[in-house]
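Read the structure below first, then the notes.
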Amino acid sequence: MKIASGGLSVLYADDEDRAREMMAMMLRWNGLVVLTAADGSEAWDLFRIHKPDIIVTDIRMPVMDGIEMSRKVREVCARTPIILASAYLNEQHMPDLAGIGIHSYIQKPIQLEKLLASIEDCCQYR
Amino acid sequence: MGRCVNATRSISDILDELSKLEDDLLAGNSAGADPVRIREASGLMRRARQALGEADPLPHVHACAESRGQGDLQGSPGLPAIEQRESQETLLSLLENSIDAVYRRDLLTDMYDYMSPAFERITGCSVTEMTAMSLDDVVERIHPDDRKSVRKAIACISNGGKGMLEYRFMCKDGRYRWLADAIYVQTDRQGRSLCRLGIVRDVSEQKRREQALRESEDRYRSLVEMSPDALFINLNDRIVFVNPALLRLFGAESAEQIVGKTPYDLLHPDCHALVRERIERLRSGENAPLLEEKIIRIDGSIVDVEVAASHFAMDEGTAIQVILRDITDRKRAEEKLVDRQRQLEELNRTLEQRVAEETRKNREKDYLLIQQSRQAEMGEMINLIAHQWRQPLNVIGLYAQVLAESSRHGELESEFLQSTVDQILDILMHMSQTIDDFRNFLKPDRERQQFRIKDLIVRTYNLISASFKAQAIAVDIAGDDDLSLNGFANEYAQVVMNILNNAKDAFHDRHVAEPRIDVSVAREGTRAVVTISDNAGGIAEDLLDRIFEPYFTTKQERTGSGIGLYMAKTIIEKSMQGVLGVRNTGEGAEFRIEV
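Which chain is which? The protein sequence lines are X and P, in order. Residue numbers in the first sequence follow the numbering used here, run continuously in steps of one, and reach 133 at the last position. Residue numbers in the second sequence follow the numbering used here, run continuously in steps of one, and reach 597 at the last position.
Structure representation (structure tokens):
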């Protein structure tokens, strides 16, 4: 799968260093511009500066988790698609997610094919 | 000395009248007469006869009686005058010296015409004083309570006959003495009363003895009637008396149900031989010691009794007084005591063995429970493993995809390939270690072992750290690195894990903003103390005492088994002889493990 438009920017947030680095490497190999953040706070800072096209974020992260960061993003931008990636997503997160407007959810371990398909899907709604 | 009025004639008359009185008394004509009085009267006569030196006095007395109508002893035929005078003197001497007083009252003149000197000795009044008394004077000296009966008796025989009187007579010193008075009224041939003759004896001492005897009898009777112990009297192998307690003991409604039976009818056949021997011994004057026997009640039931027996003489033979006491309760208590004693001895004998056995059983039971509760946490364990493995599995997955992608994009170099494979292996090794840790944790503790507490807590936490990180719970483990314990390490770890997991659940249930757990390991004297405190808000005060009860849970959503903290307490307090407690710190709960 190829992302149709070149130069599409993705903000990728994950607190696990190796996973973050490898995913960034593979997304780049697939023609995406990738920004990486190790926690929600860093991601929020990068979003405000770079206004990436799409956000892919882990839920559980130190300092600020993915849900809180997503909520902050939604406060300033209603349209940027957000993809949640997590090993643990269960009912306990549902109240937190309600009303934020999440495009899709990716289960860890992440399969690159599925993530790319989700990103491509986001492009249609941009 | 007695005052004699025509003494010779009077004494002759007295002798005659006494003879008549004796005849009547001997013939039993004196209904209701006191036998003692009869004996005394006849004794007086006997003495009189002996004094007269006669072998057969009756013809002589009768001869006197025949001459009585003539009123003159002188006219008595066939007796030489000298001999008769001697007899009269002897009789006079006898009357004058007798211990009994004799009087004769002439009913025509209503005056005493003879009174023997014994009166003075008995009453203190001289013969002169006595003879001067009118009948009213005499009656005045009789105790008021006795006057009526005296008057009545005298009236009864006023026309002849005899009677026995007993009355209290006021002596000269003003004190009453009991007198017995055998009276006889003499009549002439026309039936006219001539005189009243009486023999008086001082019976005060006898009366006193009779009174004392009566009182003694009353005391004995009341004692027997009121006695809580049952009593019967056996006379010639027949029961002749029973007390109320005996009726109660035998369940009898009336004495007739028992009186008349033999003692053997009341006793269990097993006791008969022994009782027979005891009765023989008692009759021969020996003592019978206290003995336990069995009786048969009216309703046929058998009761244990303690029996005491003593003998005493009765006119009809040797009577045996038997006292029985119901000892059912005592027997029962004794049997219970013996039984207890036997149990105690048995217990002592097997104590060591039992202690070892009980210890083993308890340990086995605890061990099973601990195993069960650990198994029950397996579900949670699998969750924990999943948590622990999700991240590394994700990384391995990414490594695999990176290899494929790099190859597809022509970026796959051998150095990169090698480093990626190394990284994958490293992660796999780590995951394998996790499996070992879990397996070790689940392995039952068969033996005590030395372990370092803090190290054990860190390793335990590492097993479950992923889920704590997932809930962003900060866990700090601090304290003495070298403090160690000898005990069941995995059980101790189970306790720590249970407390940590409870805190984690509390954080989740209460949506605590910045969850934090502080674990501290420290030495306090000879004890190793671990405290685990959280900031989840604590435990309701009224539940503090209950959280260690089995099947008690406060957990929402998740179904708590309610056995975790109970097991934790069992492990620490029973397996390791320590103390597990909890308190509220204000911020949250603090568990304290002291071993």
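Ideal Cβ placement from N, Cα and C applies to all residues, glycine included. Remember, predicted model here, so these are calculated numbers, not experimental data.
8 Å Cβ cutoff, residue i in contact with chain X
| i | result |
| --- | --- |
| P:N503 | no |
| P:T561 | Confidence at P:T561 is low in this model, with a pLDDT of 49, below 50, so the placement of that residue should be treated as unreliable; the coordinate-derived value is given next. It does not; no Cβ of chain X falls within 8 Å. |
| P:Y417 | The sequence shown places Glu at residue 417 of chain P, rather than the Tyr named in the question. No, because no Cβ of chain X sits closer than 8 Å to the Cβ of P:E417. |
| P:H1 | This structure leaves residue 1 of chain P out entirely; chain P is present only between 3 and 597. |
| P:E493 | no |
| P:E359 | no |
| P:E543 | no |
| P:A538 | no |
| P:E407 | yes |
| P:A524 | no |
| P:A508 | no |
| P:A515 | no |
| P:A472 | yes |
Residue span of the alpha helix (DSSP H) that contains residue i, given as start and end
| i | result |
| --- | --- |
| P:H1 | One cannot answer for residue 1 of chain P here, as it falls past the ends of chain P, which runs 3 to 597. |
| X:A150 | Residue coverage of chain X in this structure runs from 8 to 133, which leaves residue 150 of chain X outside it and unanswerable. |
| P:L567 | 566 to 572 |
| P:C158 | 146 to 158 |
| P:N99 | 83 to 99 |
| X:V80 | 73 to 83 |
| P:D267 | 265 to 268 |
Among the options, the one whose alpha carbon lies nearest that of residue i
| i | options | result |
| --- | --- | --- |
| P:I185 | P:K164, P:C197, P:A321, P:S195 | P:K164 |
| P:A311 | P:D148, P:E88, P:R327 | P:R327 |
| P:M172 | P:T125, P:C197, P:E131 | P:T125 |
| P:Y169 | P:V141, P:G319, P:V357 | P:V141 |
| X:V70 | X:P116, X:M32, X:R27, X:D52 | X:D52 |
| P:M578 | P:E449, P:S128, P:A524, P:I300 | P:E449 |
| P:I297 | P:R594, P:R250, P:L430, P:L339 | P:R250 |
| X:D128 | X:V40, X:M29, X:I61 | X:I61 |
| P:R203 | P:S416, P:F443, P:I101 | P:I101 |
| P:G176 | P:H145, P:L167, P:L199, P:M166 | P:H145 |
| P:R285 | P:L268, P:Q323, P:H274, P:T264 | P:Q323 |
| P:R240 | P:E122, P:E318, P:L181 | P:E318 |
| P:G253 | P:L237, P:T320, P:R211, P:R299 | P:R299 |
| P:G590 | P:I426, P:A495, P:I519 | P:I519 |
| P:N537 | P:I565, P:N586, P:G527, P:T528 | P:N586 |
| X:A85 | X:V41, X:G108, X:M32, X:G14 | X:G108 |
| P:Y114 | P:E98, P:T133, P:V104, P:L96 | P:T133 |
| P:G481 | P:V523, P:P446, P:V498, P:E295 | P:V523 |
| P:L110 | P:E88, P:Q90, P:S160 | P:S160 |
Beta-bridge partners of residue i, as assigned by DSSP
| i | result |
| --- | --- |
| P:I298 | P:I304 |
| P:M628 | Chain P is shown only over 3 to 597; residue 628 of chain P falls outside these bounds and no answer can be derived. |
| P:G489 | P:Q451 |
| P:H313 | P:I322 |
| P:G163 | P:V187 |
| P:E596 | P:V531, P:V581 |
| P:E526 | P:R529 |
| P:V129 | The partner list for P:V129 (beta bridge, DSSP) is empty, contrary to what the question assumes. |
| P:G200 | P:Y105, P:I185 |
| X:L18 | X:L42, X:I62 |
| P:E168 | P:A182 |
| P:F234 | P:V244, P:V324 |
Beta carbon proximity, residue i to chain P, threshold 8 Å
| i | result |
| --- | --- |
| X:P116 | yes |
| X:L119 | yes |
| X:A94 | yes |
| X:M8 | Interpretation of X:M8 is limited by its pLDDT of 41, a score under 50 that renders its predicted location unreliable; the figure taken from the coordinates is listed afterwards. Not one chain P Cβ lies under 8 Å of X:M8. |
| X:I113 | no |
Start and end residues, beta strand (DSSP E) containing residue i
| i | result |
| --- | --- |
| X:I89 | 89 to 93 |
| P:V244 | 240 to 244 |
| P:D438 | Not the beta strand (DSSP E): P:D438 falls in the alpha helix (DSSP H), residues 416 to 444. |
| P:A480 | 476 to 481 |
Any C-beta of chain A under 8 Å from that of residue i
| i | result |
| --- | --- |
| P:L109 | No chain A is present in this structure, whose protein chains are X and P. |
| query | Quick one, which residues of the stretch 47 to 67 of chain X are near chain P if we go by CB-CB under 8 Å, in chain order? | reply | R67
| query | Between the stretch 382 to 403 of chain P and chain X, which residues of the former have a C-beta closer than 8 Å to a C-beta of the latter? | reply | H389, R392, Q393, L395, N396, V397, I398, G399, L400, Y401, Q403
| What residues in the stretch 19 to 46 of chain X bring their beta carbon closer than 7 Å to a beta carbon of chain P? | E23, R25, A26, M29, M30, M32, M33, W36
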